[in-house]
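Those letters in the sequence shown? Residues 148 to 338, per our numbering, in order.
For each residue, glycine too, the CB sits at the ideal point set by N, CA and C.
Notes follow once the structure below has been shown.
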Amino acid sequence: MIQKFRKAMHGFTLIELLVVIAIIGLLASIVLVSLSSARRKARDSRRVGDLRQIQLALELYFDASQEYPYFAQASGALYTKAQANTAFIGTASTGIGALVPTYIGGLPSDPTGGATYIYGYIPGDSAASPLNCDAAADTCLHYILTATIEESTNASLGNDNDSATGGYAANNGYDCTDSGGANGIAYCVGA
Numbered sequence: 148m149i150q151k152f153r154k155a156m157h158g159f160t161l162i163e164l165l166v167v168i169a170i171i172g173l174l175a176s177i178v179l180v181s182l183s184s185a186r187r188k189a190r191d192s193r194r195v196g197d198l199r200q201i202q203l204a205l206e207l208y209f210d211a212s213q214e215y216p217y218f219a220q221a222s223g224a225l226y227t228k229a230q231a232n233t234a235f236i237g238t239a240s241t242g243i244g245a246l247v248p249t250y251i252g253g254l255p256s257d258p259t260g261g262a263t264y265i266y267g268y269i270p271g272d273s274a275a276s277p278l279n280c281d282a283a284a285d286t287c288l289h290y291i292l293t294a295t296i297e298e299s300t301n302a303s304l305g306n307d308n309d310s311a312t313g314g315y316a317a318n319n320g321y322d323c324t325d326s327g328g329a330n331g332i333a334y335c336v337g338a
């Protein structure tokens, strides 16, 4: 009986240990890849939710003022991604900043905190021609809110404003295509 017990106490061989470690490593890498995708989807969902909150605040602002906030863009021409982001941040009286604190508690920021995935606001006084709403005297009747997202397969992309040509965003210089145009994979909403 004691000899059987001593035989059972022998450890694993080196090959057996290496096989077990390899299997554990493979399973861990599969889990990490799945978590990475889930994190990207969660960040994109937050971006879409942020734009919906800002859109509601813009409509409340419009209800009170009969126009959307303007943003004085220096060139007076078409918006770039950086200019749209600057207008999103705005000031206390222009851009999305004009909504704080009356219509929204504060401005959202991208979940990554970086400069790759950004929010944007493009106000306009005309839907058909590239006329930005860049002065207090302008009556801003249109806007586009944008967010660059990570997942090209995001289901929300089927319900946004898509245009590279012919839409308000495109006519005002902003590419809202889902396929990764000049502004990346853009989720756009507006009026």
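Residue i classed as buried or exposed, judged by whether at least 16 other C-beta atoms fall within 10 angstroms
i	result
Val336	buried
Thr324	buried
Asn301	buried
Gly237	buried
Arg194	buried
Gln213	exposed
Thr286	exposed
Ile171	exposed
Leu174	exposed
Asp191	buried
Leu304	buried
Asp272	buried
Thr263	exposed
Reference residue i, options the options, closest by Cα
i	options	result
Gly267	Leu207, Ala333, Ala245	Ala333
Ala338	Ile201, Thr263, Ala284	Ile201
Asp307	Gly196, Ile251, Leu174	Gly196
Ile269	Val178, Ala219, Val167, Phe159	Ala219
Gly282	Tyr215, Leu304, Thr263	The amino acid occupying residue 282 in the given sequence is Ala; Gly does not appear at that position. The shortest Cα separation from Ala282 among Tyr215, Leu304, Thr263 belongs to Tyr215.
Gly331	Ser192, Tyr250, Lys228, Tyr217	Lys228
Ile265	Phe235, Ala284, Pro248, Gly271	Phe235
Ala231	Val167, Tyr217, Ser240	Tyr217
Ser299	Lys188, Ile162, Phe209	Lys188
Leu203	Glu297, Phe159, Gly252	Gly252
Ser240	Thr263, Tyr226, Tyr208, Gly261	Tyr208
Secondary structure of residue i, DSSP reduced to three states
i	result
Ala333	strand
Asn306	helix
Ser184	helix
Glu206	helix
Gly338	Note that residue 338 is Ala in the sequence shown, not Gly. Three-state result, Ala338: coil.
Glu297	coil
Gly158	coil
Leu173	helix
Checklist entry - Is the stretch 252 to 264 touching the stretch 277 to 293, taking contact as three or more C-beta pairs under 8 Å? => result no
Item to check | In chain order, each alpha helix (DSSP H) run of at least 4 residues that lies wholly inside the stretch 213 to 295 | outcome: 228 to 236
Checklist entry - Is the stretch 173 to 187 in contact with the stretch 233 to 244, if contact means three or more CB pairs nearer than 8 Å? => result no
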